[in-house]
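Chain order of the listed sequences is A and B. Residue 271 in our numbering sits at position 271 of the first sequence; the count goes up by one each step and never skips. Residue 134 in our numbering sits at position 134 of the second sequence; the count goes up by one each step and never skips. Every residue gets a Cβ at the ideal spot worked out from N, C-alpha and C, and that includes glycine. In this text, all values refer to a predicted model and were calculated from it rather than measured experimentally. Step one of this worksheet: look at the structure below.
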Amino acid sequence: MQNSASHIKYGRQSGLGANRRKWQEVVKHKYFYLMILPVVLFFLIFAYVPMYGVVLAFKDFNYMLGIMDSPWNNFQNFRDVLSDPNFKHAFNNTLFISFGRLIIEFPIPILLAILLNEMRFGRLKRIFQTVFTFPHFISWVVLSGIITNILNDQGVLNQILVLFGFEKNSILLHNGSFLGLLFTSNIWKEAGWSSIIYLAAIAGINPELYEAASIDGANRYQQMKAITWPVLRNTAAIMLILAVGGIMNGGFDQIFNLYNPAVYERADILDTFVYRSAFVDSTGFGYSTTVGLLKSAINCLLLFGANFVVKRVFKEEGLY
Amino acid sequence: MQKKRFDRLFDISLYAIMILIGLATLYPFINVLDISFNDSADTVKGGIHIWPREFTTRNYETIFQYEGLLTGFRNSIIQTLLGTVIGVLSASMVAYVMSRTEFQASRLFSAIFVMTLYISGGLIPVYMLIRNLHLIGTFSVYIIPGILSVWNVLIVRSYINGLPDALQESAKIDGANEWIIFWRVILPLCQPVLATIALFIAVNHWNSWFDTYLYNGQRPEYTTLQYELRKVLLTTDSGDSVYDPNKQQSLSTVSPESIQMAITIVVTVPILLLYPFLQRYFVKGVTLGAVKS
């Protein structure tokens, strides 16, 4: 947009060939610009102006003065954040939960896709896929209601525990079991959905390969290992990069709807910490922005790092 | 034959495992459904597994008298419809323009869009922006900030790239301008992919709660269904309420579990109704989205 504006100004007067050609290009594609500019304008405002708001991290934010006029405070926010034990907790928790997700949750959709692919009845396969994918479309608000219902004192889980002679357990209130719940419930919600992408990769395999392998005497497990798995590796690599790029996220919606003060010690992640420090504990917007900035910066580094490792070390195709 | 026996065993255990996982996936929903149809005084005794013990529709009758829920229902429907129409139109328009190779600025715009997938300002700067634009306490805060989803643009663009060029060329020779080509040629051809992203956008809007929580907690007339459900669920929560500024507004002090579950079902049913359509399209959507951006 800036371009077109400046060309109106200078293009005609100076009559410079290059500028005029550019301006003609704009006129020629005026419909393109008309279609795209209003949307781009909104998009720029809501995606890029907040990036400027990041300067809050370097300022002592004062509500009356606004972002622009608040005084700079010489990295005081960074010193505050880095020396805050609550931040360290949230940071460590985020890493712990995310790595837990990588190790525990990441392989499940791959496994599920392989298993679904092994089902030779087309219709049955589709029914199961429908069932597995369903929870993806349900919000964490609803799911947290359902989970609390299953896990409460009179809930189904505790009754099963009692039936088998165990003691009742309040999973939501204990650090260890809460983390387990985070992993399990996220698998419940997302595994079916994430497996679609792997199934799509499998769908590209020529079925004759399986027949040939079968004739050569390979059993189903051997076929799985020799034919299906190699195809999935590249898809898995790309999904892994994306997952690593999201390591500092940890899953705000899920945790925010499930956690409670009893498990803050292990379940408080950076996103929930930012929210609480800004809107509940009123530690100050500058402070919260700083935490957010540190988070995004690490995320970016991780994304590039993961892409590099996948491309150079594992020789797989990367993200870009 | 060794191999045949192995494969038989393989098949049996495969189906057994799948059925188990399937049941585990669905059971929590079934349990919620039972409890929502069970007498709320009786639910407290526990032990409801597969069928309601004392069947009643009273819970549903009760919740539909709760004004917050009705307002929330109305707002969520408006938000979903409006947001979906705007979202689909903007994504397809941008995707069409991006797909035209003769449009030289498209690379620049591409870079602008894709950048935001990896970098964002974060919660507080976005909040400050929304505040400065005076969008807090308005309905438009549900629609305007999320007007364009870059992922959806990428999905539609890769679909348009797969369309034969000849159609557009012949329309151009017939003297149609780009807007007409988009409206008359591209949009009708894109129907399957538009259905896909429409469903994604609709589900996203239907499921959103944080914008209500953050921006409209003090405006009961702009409440949404997910937010109302969250409030009702939190009434028996183990103490988060102390930290929850929005809690004080909650109408009921403690909602019986059956009531909570009835609302949960009410929030879920629209998705369930949409699901057969979703299911038809989402596989395509995910696959297209995976095509390298």
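Nearest-angstrom beta carbon gap, residue j and residue i [assumed within contact, 8 Å]
| i | j | result |
| --- | --- | --- |
| S92/B | L187/B | 7 Å |
| I265/B | V32/B | 6 Å |
| A306/A | I238/A | Their Cβ separation, rounded to whole angstroms, is 10 Å, which puts A306/A and I238/A out of contact at 8 Å. |
| V291/A | F87/A | 6 Å |
| L234/B | S76/B | No, L234/B and S76/B are not in contact; Cβ-Cβ is about 18 Å, not under 8 Å. |
| F37/B | P52/B | 4 Å |
| L116/A | K125/A | 6 Å |
| F91/A | F75/A | 18 Å between Cβ atoms; not a contact. |
Beta-carbon proximity list for residue i, same chain, < 8 Å, skipping 5 on both sides
| i | result |
| --- | --- |
| N158/A | L151, N152, K168, N169 |
| I127/A | none |
| G334/A | This structure gives no information on residue 334/A, because the portion of chain A shown stretches from 1 to 320. |
| I80/A | One detail in the question is off: residue 80/A reads as Asp in this sequence, not Ile. Within the same chain, D80/A has close Cβ partners Y287, T290. |
| E257/B | I35, S40, T43, V44, T236 |
| L135/B | V141, I144, P145, Y215 |
Residue i and residue j closer than 8 Å at C-beta
| i | j | result |
| --- | --- | --- |
| I63/B | I259/B | yes |
| T25/B | V141/A | no |
| S271/A | N249/A | The residue you asked about is not Ser; residue 271/A is Asp in the sequence shown. Yes, Cβ-Cβ distance for D271/A and N249/A is below 8 Å. |
| V150/B | Y215/B | no |
| G137/B | R74/B | no |
| E178/B | F32/A | yes |
| F139/B | T196/B | no |
| A278/A | L199/A | no |
| G176/A | H136/A | no |
| A171/B | V185/B | yes |
| I50/B | D34/B | yes |
| V114/B | I36/A | no |
| T228/A | I197/A | no |
| V244/A | I147/B | no |
| M51/A | I19/B | no |
| L44/A | L172/A | no |
| Y275/B | F273/A | no |
| N149/A | M261/B | yes |
| T56/B | E221/B | no |
| N207/B | S139/A | yes |
For residue i, three-class secondary structure by DSSP
| i | result |
| --- | --- |
| K172/B | helix |
| F55/B | strand |
| N216/B | coil |
| N92/A | helix |
| N158/A | helix |
| T289/A | helix |
| C300/A | helix |
| V193/B | helix |
| Q129/A | helix |
| S98/A | helix |
| N169/A | coil |
| E102/B | coil |
| K315/A | coil |
| P256/B | coil |
| P38/A | helix |
| A218/A | coil |
| I30/B | helix |
| F295/B | Since the first residue shown for chain B is 1 and the last is 293, residue 295/B is missing from the structure and cannot be characterised. |
| Y275/A | helix |
| M18/B | helix |
| G121/B | coil |
| N152/A | coil |
| K45/B | coil |
| I181/B | helix |
| H134/B | coil |
Cβ shell of residue i (< 7 Å), same chain only, five flanking positions each side left out
| i | result |
| --- | --- |
| A95/B | V153, V156, R157, I160 |
| G284/A | F61 |
| T84/B | A198, I201, A202, H205 |
| T116/B | V150 |
| C190/B | S92, V156, Y159, I160 |
| E105/A | F183, N186, I187 |
| R220/A | E118 |
| T253/B | Low per-residue confidence applies at T253/B: pLDDT is 43, beneath 50, and the placement is therefore not dependable enough to give any value. |
| L82/B | I143 |
Strand pairing of residue i, partner residues [DSSP]
| i | result |
| --- | --- |
| K59/A | W72/A |
| N38/B | F55/B |
Own chain residues within Cβ distance below 6 Å of residue i, not counting five before or after
| i | result |
| --- | --- |
| I247/A | S98, L302 |
| G301/B | Within the shown structure, residues of chain B are numbered from 1 to 293, placing residue 301/B beyond reach of any answer. |
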